[in-house]
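Per the working numbering, the very first residue in the sequence shown carries number 809; after that it's consecutive. Working notes, structure below.
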Amino acid sequence: MAELNQRTDAILRRLVRRDARQSLRKVMAKSRPEDVAAAMEHLTYNEQKRLFRMVEESEYAAEILANMGDDGAQHVVTGMDEDQLVTLLEYMDPDDATDLVAVLPVDVRVRVLAALGESDDATEVRSLLAWPSDSAGGIMSPQVFKVHHLASCGDAIRALQQSHEELETVFYLYVMDDYDKLVGVTSLRSVLTHPANTPIKHVMGADVISVSPLQDQEEVARVVARYDLMAVPVVDEDRRLLGIVTVDDVVDVIREEAAEDMMRMAGVDEDADLANRSVLHQARHRAFWLMATIIGGVAMAEIVGQFEESLQKVAILAGFIPVIMGMGGNVGIQSATIAVRGLATGHVQIGGALSFIWREARVGILLGILFGLMVGGYGLLRFYDQPMLGPSVALSIMLAIMLAGMLGASIPILLDRLGVDPAIATGPFVTTGVDIIGVIIYFNVAKLLMGI
């Protein structure tokens, strides 16, 4: 199936670039909307619009929009007739419709919401727009199956049969009290496998795992993963059920956050769109991050210049600078990456920060001893006329790797404590900083041990 999807993806891209309209319509007629949406992500905005205009069925078009990224969907609907846009929104689930409405220009959004009227779906879209887009409230679906705590399993099944068309998914049945507060949860399987006259309260669990509407989407994803849930309820401070976040939304969150962290760790715009961002835009954004490397390089030149006299006496010292920088930088990146990942998954907690940093320091010490002895031994055997060169290199590598491990582990934790995204800790800034520290250690150790 994955192979088929990739082939459809490639065929659609090739046909749209040839402007083969008749062939495109035939392929789309046999393709799932998810595959068409995936193909459109690789096209320019103009190509996306051209392809989307060939979709004749509104429900199919709505499915494509629901599976596209925000940027692509926004450009596809830009300039679209508002009546057509309203029709598409009516075919979409409220949470997907909310995502699309949220990226519309304010004036268009107001007119579209007015055109949607006062239907239940329109009311749900308006309520979802009130929450931040990256919160539990922003990604939840308001379509939830509720059942009264005095109902029986048979009552629940009959109610579900009557309202199944209004529900997106039914993983769990949420049990409410007389005041419409969430008091329990049970699975659909439990209801179906018990006698019809069994009271719901006898098959429900009273300890309900839930999240608040303002909880960050990453925290929601961690809750779903930790408790192995198919959906998690979103409740307000009075335990009133607002909606649910389903596992498919959590998968989207994990994918988006992972891509965003990866881009930030590389010092690249997390909103980078290879097909549509101009070369100038991408160069300008990358230049800001790479400026740290330029500044670090200039600082490095100044530091090396301070030890010019030492280099003149023992020129071979310069030959080991790349080794010191490379080892320290790589260990720093490894530790920072582990820390960033640990913070994202919850395996690294602020309360246990010291133990984590100390563990990374010990790893750095062991690696430093191993590689220090290797490179130092080489220096001692190869440059035997400088008997203290090998020990200087060995000790420098040990110290540089140990400090790099500690810095790489501690900086993401510090940034997280300050409310800054820790993913930037593995970017050019930290790498350059570790390089500078390594060179300073190297020259000072050499000066001390070699007496130069």
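Glycine included, C-beta positions come from ideal geometry on N, C-alpha and C. None of the values given here were measured: they were computed from a predicted structure.
The DSSP-derived three-state label of residue 957 is coil. About 6 angstroms separates the Cβ atoms of residue 944 and residue 1053, confirming a contact at the 8 angstroms cut-off. In the structure shown, residue 1127 adopts helical secondary structure according to DSSP, grouped into three states.
Taking residue 886 as reference, the option from 912, 825, 1251 and 1197 with the minimal CA-CA separation is 912.
Counted as a single uninterrupted DSSP element, the beta strand (DSSP E) harbouring residue 1039 occupies residues 1039-1043.
The beta carbon of residue 875 is closer than 7 angstroms to those of 841, 842 and 845 in its chain, skipping five residues each way along the sequence.
If the five residues before and after residue 893 are omitted, its C-beta is found closer than 7 angstroms to the C-beta atoms of 885 and 920, all from its own chain and listed in chain order. In the displayed model, residue 1049 falls within a strand according to three-state DSSP.
Distance from the CA of residue 935 to the CA of residue 1147, rounded to the nearest whole angstrom, comes to 37 angstroms. Under the DSSP assignment, residue 980 falls outside any alpha helix (DSSP H), being part of the beta strand (DSSP E) whose first and last residues are 980-984.
Annotation: the continuous beta strand (DSSP E) that includes residue 994 extends over 990-995.
Secondary structure note for residue 879: its alpha helix (DSSP H) is the uninterrupted segment 878-885. In the structure shown, the three-state DSSP call for residue 1007 is strand.
Counting the other CB atoms within 10 Å of its CB gives residue 1204 a total of 16 or more, which places it among the buried residues.
Within the model, the alpha-carbon separation for residue 1023 versus residue 1145 is close to 25 angstroms.
In this structure, residue 1183 places its C-beta atom within 8 angstroms of the C-beta atom of residue 1131.
Counting along the chain, residue 1206 sits inside the alpha helix (DSSP H) bounded by residues 1197-1225. In the DSSP assignment, residue 1024 forms a beta bridge with 943. Shown here, residue 1145 sits in a helix according to DSSP, grouped into three states.
Buried is the label assigned to residue 992, since at least 16 other Cβ atoms lie within 10 Å of its Cβ. Each of 1111, 1019 and 1191 was checked against the Cα of residue 1041, and the nearest Cα belongs to 1019. Secondary structure note for residue 838: it is in no alpha helix (DSSP H), with a DSSP letter that is neither H nor E.
Fewer than three Cβ pairs drawn from the stretch 1113-1132 and the stretch 1216-1233 lie within less than 8 angstroms of each other, which leaves the two stretches out of contact. By the C-beta density criterion, residue 1195 is exposed, having fewer than 16 other C-beta atoms within 10 angstroms. Residue 1259 carries a coil assignment under DSSP once its states are collapsed to helix, strand and coil. Selection 1139, 821 and 1115 evaluated against residue 852 yields 821 as nearest (Cα-Cα). For residue 1122, same chain residues with a beta-carbon under 8 angstroms away, outside a window of 5 residues either side, are 1194, 1197, 1254, 1258 and 1260 in chain order. DSSP places residue 902 in the uninterrupted alpha helix (DSSP H) bounded by 902-910. Rounded to the nearest whole angstrom, the C-alpha separation of residue 1063 and residue 1224 is 20 angstroms. Around the beta carbon of residue 927, a 10 Å sphere encloses fewer than 16 other beta carbons of the protein chains shown; the residue is thus reported as exposed. Comparing C-alpha distances from residue 900 to each of 932, 889 and 918 shows the shortest one belongs to 932. Three or more pairs of CB atoms, one per stretch, sit closer than 8 angstroms, so the stretch 1208-1219 contacts the stretch 1174-1182. In this structure residue 1050 is not in contact with residue 1003, their Cβ atoms being roughly 32 angstroms apart against a cut-off of 8 angstroms.
When the Cα atoms are used, residue 1249 and residue 1150 turn out to be separated by approximately 29 angstroms. Taking a C-beta distance under 8 angstroms as the contact criterion, residue 1124 and residue 1179 do not qualify as a contact pair.
Here residue 1217 is buried: its Cβ has 16 or more other Cβ atoms, across all protein chains shown, within 10 Å.
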